[in-house]
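Written out below as structure tokens is the structure these notes cover.
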Amino acid sequence: MLQNQADGGLARRPIERREYDILAGATRTPEFLSTINANGRIPTLQIGDRFLPESNAACIWLADGSRLIPDDRFDRADMLRWMFFEQYNHEPNIATLRFWLAFVGLDALSEVQIAAIPAKRAAGDAALAVMEKHLAAGERFFVGGALSLADICLYAYTHVAEEGSFDLTHYPAISAWIAAIGRTPGYIPITA
Numbered sequence: 006m007l008q009n010q011a012d013g014g015l016a017r018r019p020i021e022r023r024e025y026d027i028l029a030g031a032t033r034t035p036e037f038l039s040t041i042n043a044n045g046r047i048p049t050l051q052i053g054d055r056f057l058p059e060s061n062a063a064c065i066w067l068a069d070g071s072r073l074i075p076d077d078r079f080d081r082a083d084m085l086r087w088m089f090f091e092q093y094n095h096e097p098n099i100a101t102l103r104f105w106l107a108f109v110g111l112d113a114l115s116e117v118q119i120a121a122i123p124a125k126r127a128a129g130d131a132a133l134a135v136m137e138k139h140l141a142a143g144e145r146f147f148v149g150g151a152l153s154l155a156d157i158c159l160y161a162y163t164h165v166a167e168e169g170s171f172d173l174t175h176y177p178a179i180s181a182w183i184a185a186i187g188r189t190p191g192y193i194p195i196t197a
């Protein structure tokens, strides 16, 4: 949504995309760990011969100077607040359950992972409830009434939360927000 190979997307910066098969251990090779990301995770943004791990750091770099980062000091801090919320409350639960259920498969999960599902589902629903309350109060987007990186970061896993067994019909304001983002000029669907 923020970027793709052929078009700069909302940030208007074209990039080249390279995929790594995390299930096959591609991000755990000595070369990946020593060169790309010592933490063994993706996404990682390569800028020349340097690498910038962590999705939200990459988003900040890509969107620098665009309308996706508010000019207003408070709004910029509020954008970061929602981005931190996404990394701490949202992604560890919603994205993890989606990965486990849609890509790994319930039968391939460990006993520890299976035991963690109810807590992750509850924490994910709690994160969705916070988002729903904010949007239901009349906000079209998360910061300053305009699309920002906060929306992009939250959108990434929210729009596919049902693949992690989250029922978005319980969150009508979130559903309306997802639809509004899909109608944004420059929007590129996320296909992975």
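Quick note: to get my numbering, add 5 to the position in the sequence shown (first position is 1).
For each residue, glycine too, the CB sits at the ideal point set by N, CA and C.
Where TRP105 falls, given that 16 or more other Cβ within 10 Å makes a residue buried: By the Cβ-count criterion, TRP105 is buried, with 16 or more other Cβ atoms from all chains shown falling within 10 Å of its own Cβ.
Within 10 angstroms of the Cβ of SER115, are there 16 or more other Cβ atoms? Answer buried if so, exposed if not. So SER115 counts as exposed.
State the beta-bridge partners of ILE99 as determined by DSSP. DSSP lists no partner for ILE99.
VAL148 vs ASP80 beta-carbon contact at 8 Å: Pairing VAL148 with ASP80 gives a Cβ-Cβ distance under 8 Å.
Mind checking which residues open and close the beta strand (DSSP E) that includes PHE56? According to the DSSP assignment, PHE56 belongs to the beta strand (DSSP E) that extends over 55-58.
What is the residue span of the beta strand (DSSP E) that ILE52 lies within? Secondary structure note for ILE52: its beta strand (DSSP E) is the uninterrupted segment 49-52.
Work out the CA separation of GLU91 and ALA31 for me, nearest whole Å. The alpha-carbon of ALA31 is positioned some 26 Å away from that of GLU91.
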